[in-house]
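S.K.:
Residue numbers (my numbering), protein chains in the order written: chain E, 1 to 262; chain L, 1001 to 1269.
(1) Determine which residues share a DSSP beta bridge with residue 1167 of chain L and list them.
(2) Consult DSSP for residue 1126 of chain L and reduce its assignment to one of helix, strand or coil.
(3) For residue 1053 of chain L, would you say it is in contact with chain E, using Cβ-to-Cβ distances shorter than 8 Å as the test?
(4) What ranges does the beta strand (DSSP E) occupy inside the region 1189-1264 of chain L, keeping only unbroken runs of at least 3 residues that lie completely in it?
(5) Would you decide whether residue 1253 of chain L is buried or exposed? Buried here means 16 or more other CB atoms lie within 10 Å of its CB.
(6) Just to make sure I have the definition right: I need the residues of chain E whose C-beta is within less than 9 Å of the C-beta of residue 1083 of chain L. Which are they?
(7) Checking contacts by CB at 8 Å: is residue 131 of chain E closer than that to chain L?
(8) Looking only at its chain, what residues have a beta carbon closer than 6 Å to the beta carbon of residue 167 of chain E, apart from the 5 residues adjacent to it on each side?
(9) Looking at residue 104 of chain E: is its Cβ nearer than 8 Å to the Cβ of residue 91 of chain E?
(10) To be precise: take each residue of the region 1135-1150 of chain L, compare its Cβ to all Cβ atoms of chain E, and keep it if any distance is under 8 Å. Which residues remain?
(11) List, in chain order, every chain E residue whose beta-carbon is nearer than 7 Å to that of residue 1079 of chain L.
(12) Using 8 Å as the threshold, is the C-beta distance between residue 1271 of chain L and residue 1152 of chain L below it?
(13) Any Cβ of chain E within less than 8 Å of the Cβ of residue 1110 of chain L?
(14) Under 9 Å Cβ-Cβ, which residues of chain E neighbour residue 1215 of chain L?
(15) Considering only DSSP beta bridges, list what residue 148 of chain E is partnered with.
(16) I need the DSSP call for residue 43 of chain E, collapsed to helix, strand or coil.
(17) Given 8 Å as the limit, is there contact between the region 1090-1106 of chain L and the region 1132-1152 of chain L, that is, 3 or more CB pairs closer than that?
(18) So, at 6 Å on beta carbons, what are the nonlocal neighbours of residue 258 of chain E in its own chain, with the 5 sequence-adjacent residues on each side left out?
(19) Regarding residue 245 of chain E and the ligand SAM, is the C-beta to nearest heavy atom distance less than 7 Å?
(20) Name the two residues that bound the continuous alpha helix (DSSP H) containing residue 120 of chain E.
(21) When the distance is taken between beta carbons, is residue 98 of chain E closer than 8 Å to residue 117 of chain E?
(22) When the Cα of residue 1194 of chain L is compared with those of L:1119, L:1148, L:1164 and L:1205, which residue comes out closest?
(23) Go ahead and pull the three-state DSSP assignment for residue 140 of chain E.
(24) Report buried or exposed for residue 12 of chain E, applying the criterion of at least 16 other Cβ atoms within 10 angstroms of its Cβ.
(25) Classify residue 1162 of chain L as helix, strand or coil using the three-state DSSP reduction.
(26) Excluding the 5 residues flanking residue 1054 of chain L on each side, which residues of the same chain have their C-beta closer than 6 Å to its C-beta?
(27) What does residue 128 of chain E touch in chain L if you count any residue whose Cβ is under 8 Å from its own?
(28) Report buried or exposed for residue 2 of chain E, applying the criterion of at least 16 other Cβ atoms within 10 angstroms of its Cβ.
(29) Answer yes or no: does any C-beta atom of chain E fall closer than 8 Å to that of residue 1240 of chain L?
(30) Do we get a CB-CB distance below 8 Å when we pair residue 1107 of chain L with the residues of chain E?
(31) Looking only at its chain, what residues have a beta carbon closer than 6 Å to the beta carbon of residue 1206 of chain L, apart from the 5 residues adjacent to it on each side?
(32) Can you name the start and end residues of the alpha helix (DSSP H) that residue 1007 of chain L belongs to?
(33) Return the first residue and the last residue of the alpha helix (DSSP H) that residue 1036 of chain L is part of.
(34) Taking the C-alpha atoms as reference points, what is the distance between residue 1075 of chain L and residue 1020 of chain L?
(35) Can at least three beta-carbon pairs, one atom from the region 1028-1042 of chain L and one from the region 1209-1227 of chain L, be found at a separation below 8 Å?
(36) To which residues of the same chain is residue 1085 of chain L closer than 6 Å at the C-beta, ignoring the five residues directly before and after it?
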């Protein structure tokens, strides 16, 4: 390829990227603008809460338990070197509510519910269901997209809290029941080490932000998907990749603001 | 066609990027009639429906429905107009997460404050009109292609529209379903006092049910007339289309370079 062709290719990619960012921003604003229906007819949002939130429960609960168990094992091995096994409860809980709970729950949510949202909206578009709704004078953003968005935003912090709770349970099973760390120390250190506002509320804020990001990306990719099998499959993949990277990037930014200079 | 026009399409030009689709077309759809718009694939038939429904805006010219220029309507005005239109999509476009009953009830619930008992009666009446009252508990995945098309037709006429648009309503149907759908298009139009626009390739079925036919090719109206006039037309394009001939104004071969050159044949061999 000549230099001119390379430049043209690069320019084309940049213009496309800027166009997509603009379209995504407009789409996000439209979701917020047409959110009234999601609250006036809350049963629409509840239906989506079931498919995105309740149906993600199994993977969240199981993954949370195992992550907590691994934290219990690894934490015990490390703390034992310094004779601080009693701080295991604090270590498990802080790791979960500050970082692992929000981040891992969001990554799992993106893979399970986010990809499903993209595929569903993409297929609705491919089978002309979205166009049919438009022709019936029913705004698909208000009727289909916004309820899914708010369901994702509401369910993400709840799933994150459940992930952390199951993680603490997993850490307890490994640390206290299997290894034999003192039960009183485990819980009292946890109670002393975890601050409600500083740790739990900040963790919840993180998961709320992740919920907004993951759901908005999933819905945009579905709505923007070319109406073909290949288009929907590509959009589903993009949802998982973009959501995962966005979660990790946002986690760094939020952590830097929330926990700096401790 | 002397009746008062419900849809007027005047000097409409439309292009996707730099590719012209419609080049100054003029069509009139009178009230109460069933009109077919025919032409080869990609000739702009579906684009025409999208222009009437306001999903696309013409590059120039206008589409007027019931006296209102569609592309000049604001969002609210367009949605108000669409509530008086119905559109049957090529493969029905039924909502796959809803039952047959909920699909037909969808617009009634969204656009009216009717109590559920009245909606139930209306839904069963609409389904009965298309012969599928017994399917109201089924999901779209449990229906055959022809049944899905009929359910979609019941949903299309749920709010008794003044204008019904059909995008390839006969595509992929077996002969029985095809006749059933064809007859339903005619009978529903007459029963509702509506106006119907049928975009289709199916010449024989259309000739039986429509009042008037427009032929579009290369973005312009190349022929028009009643079914009798079209059947006896000696215009080359219409003749080829109606009789399904392989070659004619629409060539069998896609334009290409010289065949002998492509096969590397020397002259004289």
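For every residue, glycine included, the Cβ atom is placed at its ideal position computed from N, Cα and C. For clarity, every value in this text was computed on a predicted model and none was experimentally measured.
M.R.: Concretely, from the data shown:
(1) Translated into the one-based positions of the second chain, residue 1167 of chain L becomes position 167. L:1199, per the DSSP bridge assignment.
(2) Looking up residue 1126 of chain L in the second chain gives position 126. DSSP places residue 1126 of chain L in helix when its eight states are reduced to three.
(3) Here residue 1053 of chain L refers to the residue found at position 53 when the second chain is read from its first residue. It does; some Cβ of chain E falls within 8 Å.
(4) 1195-1200, 1212-1217 and 1220-1225
(5) As a first step, residue 1253 of chain L is located in the second chain; it is residue number 253 there, counting from the start. Exposed.
(6) The sequence position of residue 1083 of chain L within the second chain is 83, counting from 1. Those are 136 and 137, listed as they occur along chain E.
(7) For the purposes of this step, residue 131 of chain E is identified with residue 131 of the first chain, where counting begins at 1. So yes, residue 131 of chain E belongs to the interface.
(8) Here residue 167 of chain E corresponds to residue number 167 of the first chain, with the count starting at 1. Closer than 6 Å at Cβ, skipping near neighbours: 64, 67, 68 and 96.
(9) Along the first chain, read from residue 1 onward, the residue named residue 104 of chain E stands at position 104. Along the first chain, read from residue 1 onward, the residue named residue 91 of chain E stands at position 91. No, these two residues do not count as a Cβ contact at 8 Å.
(10) none
(11) Your numbering for residue 1079 of chain L matches position 79 in the second chain. Those within 7 Å of residue 1079 of chain L in chain E are 137.
(12) Residue numbering for chain L in the displayed model covers 1001 to 1269; residue 1271 of chain L lies beyond these limits and cannot be assessed.
(13) As a working note, residue 1110 of chain L is residue 110 in the second chain. Closer than 8 Å: yes.
(14) If you number the second chain from 1, residue 1215 of chain L lands on position 215. What residue 1215 of chain L touches in chain E: nothing, since even the nearest Cβ is about 25 Å away.
(15) Taking the first residue of the first chain as position 1, residue 148 of chain E is located at position 148. In DSSP, residue 148 of chain E forms no bridge with anything.
(16) Locating residue 43 of chain E in the first chain gives position 43, counting from the first residue. DSSP places residue 43 of chain E in helix when its eight states are reduced to three.
(17) yes
(18) Along the first chain, read from residue 1 onward, the residue named residue 258 of chain E stands at position 258. 202, listed in sequence order.
(19) Annotation note on the ligand SAM: not contained in the displayed structure, which lists no ligands.
(20) On the first chain, residue 120 of chain E is found 120 positions in, with the first residue counted as 1. Run containing residue 120 of chain E: 115-126, per the alpha helix (DSSP H) assignment.
(21) Counted from its first residue, the first chain places residue 117 of chain E at position 117. Counted from its first residue, the first chain places residue 98 of chain E at position 98. Not closer than 8 Å, so no.
(22) Along the second chain, read from residue 1 onward, the residue named residue 1194 of chain L stands at position 194. The shortest C-alpha separation from residue 1194 of chain L is found at L:1164.
(23) Looking up residue 140 of chain E in the first chain gives position 140. Reduced to three states, the DSSP call for residue 140 of chain E is helix.
(24) One-based indexing of the first chain puts residue 12 of chain E at position 12. Per the 10 Å Cβ criterion, exposed.
(25) Stepping through the second chain from its first residue, residue 1162 of chain L is reached at position 162. Residue 1162 of chain L: coil per DSSP, three-state reduction.
(26) Locating residue 1054 of chain L in the second chain gives position 54, counting from the first residue. Same-chain partners within the cutoff: 1070 and 1078.
(27) Within the first chain, residue 128 of chain E is the residue found at index 128, counting from 1. Going along chain L in sequence order, the residues near residue 128 of chain E (Cβ under 8 Å) are 1089, 1090, 1091 and 1093.
(28) Here residue 2 of chain E refers to the residue found at position 2 of the first chain. Classification of residue 2 of chain E: exposed, given that the 10 Å Cβ count is below 16.
(29) Against the second chain, residue 1240 of chain L aligns to sequence position 240. So no, residue 1240 of chain L is outside the interface.
(30) Mapped onto the second chain, residue 1107 of chain L falls at position 107. It does: the Cβ of residue 1107 of chain L has a partner Cβ on chain E nearer than 8 Å.
(31) The count along the second chain starts at 1 and reaches residue 1206 of chain L at position 206. So the qualifying residues of the chain are 1036 and 1200.
(32) Working through the second chain from its first residue, we reach residue 1007 of chain L at position 7. No alpha helix (DSSP H) holds residue 1007 of chain L; the beta strand (DSSP E) holding it covers 1005-1016.
(33) For the purposes of this step, residue 1036 of chain L is identified with residue 36 of the second chain, where counting begins at 1. Careful: residue 1036 of chain L lies outside any alpha helix (DSSP H), inside the beta strand (DSSP E) at 1034-1038.
(34) The residue given as residue 1075 of chain L occupies position 75 in the second chain. The residue given as residue 1020 of chain L occupies position 20 in the second chain. About 26 Å.
(35) yes
(36) Translated into the one-based positions of the second chain, residue 1085 of chain L becomes position 85. These residues qualify, in order along the chain: 1161 and 1163.
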